[in-house]
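J.: Numbering (our numbering), first residue to last: 29 to 268.
We treat Cβ as the ideally placed atom computed from N, Cα and C, and that holds for glycine.
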């Protein structure tokens, strides 16, 4: 009985020592497909503070539209996560109203959340439209790590170095060349302690006719207060 209670206590206590993996919530595309928005939220490890963040990305210019990223953290362990999400939505209301992102404008064509163990987190191959017989060539994305030698000491607390990443669209056929979609030369402050990445999700707009746009959501694993944390960034994926 004592052994059982000890095992149960250890199991219940384990999450308190874990890192913080944000929940990813794509908000969708604008009607013309140019703008994509997503939300991430969770409870910060160490502090126990709830947070919510909203990102609105111009896919053609590969830049976030001001005032995004919108970041809200409620510095109160007793505050509810819903309150943080509501405040973030209120802060981003003007931007969301201007572009009206909607989930129904897009299609999730690849997904590999951090709980997925059977897929390669650094490679996806997908069709941009769910049509049979196929009318599109498969699209393949590959992600590679770019280790950096200049890791600050506080970033190595859990035995990891730091790394950027490169995302490439692989050539699909003869005569085509690979396209580098993203390659880190430096790391922004928000990824100062990043050490691993994964292609978490790919979404495509314009799945029927006309121009198609796509975006890859990249999971960023980084050193947190009590263990690894995960946050997300978006990278446009040209399909033309």
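Can you look up residue 203 in the DSSP assignment and give me helix, strand or coil?
T.: For the purposes of this step, residue 203 is taken as the residue at position 175 of the chain shown. Coil.
J.: Locate the beta strand (DSSP E) running through residue 257, then write down its first and last residues.
T.: Here residue 257 corresponds to residue number 229 of the chain shown, with the count starting at 1. 256 to 266 is the span of the beta strand (DSSP E), which, as asked, contains residue 257.
J.: Using a 10 Å radius around the Cβ and a threshold of 16 neighbouring Cβ atoms, would you call residue 127 buried or exposed?
T.: One-based indexing of the chain shown puts residue 127 at position 99. Classification of residue 127: buried, given that the 10 Å Cβ count is 16 or more.
J.: Enumerate, from N- to C-terminal direction, the unbroken alpha helix (DSSP H) stretches of 4 or more residues contained entirely within the stretch 121 to 151.
T.: Here the runs fully enclosed are 121 to 127.
J.: What is the DSSP secondary structure of residue 239, counted as helix, strand or coil?
T.: Taking the chain shown and counting its residues from 1, one reaches residue 239 at position 211. Reduced to three states, the DSSP call for residue 239 is coil.
J.: Where DSSP assigns a beta bridge to residue 91, which residues make up the other side?
T.: In the chain shown, the residue the question calls residue 91 occupies position 63. Paired residues: 86.
J.: With DSSP run on the structure shown, which of helix, strand or coil describes residue 51?
T.: The residue labelled residue 51 in the question sits at position 23 within the chain shown. Of the three classes helix, strand and coil, the one that applies to residue 51 here is strand, per DSSP.
J.: Could you give the DSSP three-state label for residue 191: helix, strand or coil?
T.: Taking the chain shown and counting its residues from 1, the one referred to as residue 191 is at position 163. Reduced to three states, the DSSP call for residue 191 is strand.
J.: Please report the Cβ distance between residue 135 and residue 231, rounded to the nearest whole angstrom; I am assuming they are in contact, meaning their Cβ atoms lie under 8 Å.
T.: Within the chain shown, numbered from 1, the residue matching residue 135 stands at position 107. Within the chain shown, numbered from 1, the residue matching residue 231 stands at position 203. 7 Å between Cβ atoms; contact.
J.: Look at the alpha carbon of residue 184 and the alpha carbon of residue 225, and state the distance between them as a whole number of angstroms.
T.: For the purposes of this step, residue 184 is identified with residue 156 of the chain shown, where counting begins at 1. For the purposes of this step, residue 225 is identified with residue 197 of the chain shown, where counting begins at 1. So the two alpha carbons sit approximately 17 Å from each other.
J.: Mark residue 58 as exposed unless 16 or more other C-beta atoms lie within 10 angstroms of its C-beta, in which case mark it buried.
T.: Against the chain shown, residue 58 aligns to sequence position 30. Buried, because 16 or more other Cβ atoms sit within 10 Å of the Cβ of residue 58.
J.: What are the residues that DSSP puts in a beta bridge with residue 66?
T.: Looking up residue 66 in the chain shown gives position 38. 54, 83, per the DSSP bridge assignment.
J.: Using CA coordinates, which residue listed in 100, 149, 75 is at the minimum distance from residue 83?
T.: Taking the chain shown and counting its residues from 1, one reaches residue 83 at position 55. The shortest C-alpha separation from residue 83 is found at 100.
J.: Return helix, strand or coil for residue 244, following the three-state DSSP convention.
T.: Looking up residue 244 in the chain shown gives position 216. Three-state result, residue 244: strand.
J.: Please tell me whether residue 133 and residue 203 are closer than 8 Å, where the distance is taken between their beta carbons.
T.: In the chain shown, counting from the first residue as 1, residue 133 sits at position 105. In the chain shown, counting from the first residue as 1, residue 203 sits at position 175. Result no, Cβ atoms of residue 133 and residue 203 do not sit closer than 8 Å.
J.: Quick check: the stretch 114 to 124 against the stretch 198 to 212, are there 3 or more CB pairs under 8 Å?
T.: Contact fails: fewer than three Cβ-Cβ distances are below 8 Å.
J.: Work out the CA separation of residue 258 and residue 252 for me, nearest whole Å.
T.: Here the question's residue 252 lines up with position 224 in the chain shown. Here the question's residue 258 lines up with position 230 in the chain shown. One C-alpha to the other measures close to 9 Å.
J.: I'd like the list of long-range same chain contacts for residue 139, defined as Cβ closer than 6 Å, with 5 residues on each side in sequence excluded.
T.: Against the chain shown, residue 139 aligns to sequence position 111. Cβ within range, chain order: 229.
J.: Answer yes or no: do residue 50 and residue 70 have a C-beta to C-beta separation smaller than 8 Å?
T.: Sequence index remark: in the chain shown, residue 50 carries index 22 (1-based). Sequence index remark: in the chain shown, residue 70 carries index 42 (1-based). Cβ atoms of residue 50 and residue 70: closer than 8 Å.
J.: Check the C-beta distance from residue 220 over to residue 177 and give it rounded, since I have them as a contact under 8 Å.
T.: Position 192 of the chain shown, counted from the start, is the residue given in the question as residue 220. Position 149 of the chain shown, counted from the start, is the residue given in the question as residue 177. Their Cβ separation, rounded to whole angstroms, is 14 Å, which puts residue 220 and residue 177 out of contact at 8 Å.
J.: May I ask you to report which of helix, strand or coil DSSP gives residue 181?
T.: Locating residue 181 in the chain shown gives position 153, where the first residue counts as 1. If DSSP states are grouped into helix, strand and coil, residue 181 belongs with the helices.
J.: Can residue 265 and residue 169 be called in contact, C-beta distance under 8 Å?
T.: For the purposes of this step, residue 265 is taken as residue 237 along the chain shown, with counting starting at 1. For the purposes of this step, residue 169 is taken as residue 141 along the chain shown, with counting starting at 1. Yes, Cβ-Cβ distance for residue 265 and residue 169 is below 8 Å.
J.: If I measure Cβ to Cβ from residue 250 and keep anything under 6 Å in the same chain, skipping five residues before and after, which residues do I get?
T.: Working through the chain shown from its first residue, we reach residue 250 at position 222. The residues are 221, 222, 257.
J.: Just the C-alpha distance for residue 112 and residue 97, rounded to the nearest angstrom, thanks.
T.: The count along the chain shown starts at 1 and reaches residue 112 at position 84. The count along the chain shown starts at 1 and reaches residue 97 at position 69. Taking the straight line from one Cα to the other gives about 14 Å.
J.: Between which residues of its own chain and residue 80 is the CB-CB distance below 6 Å, once the five residues before and five after are set aside?
T.: Translated into positions along the chain shown, residue 80 becomes position 52. Answer for residue 80: 69, 100, 112, 113, 116, listed in chain order.
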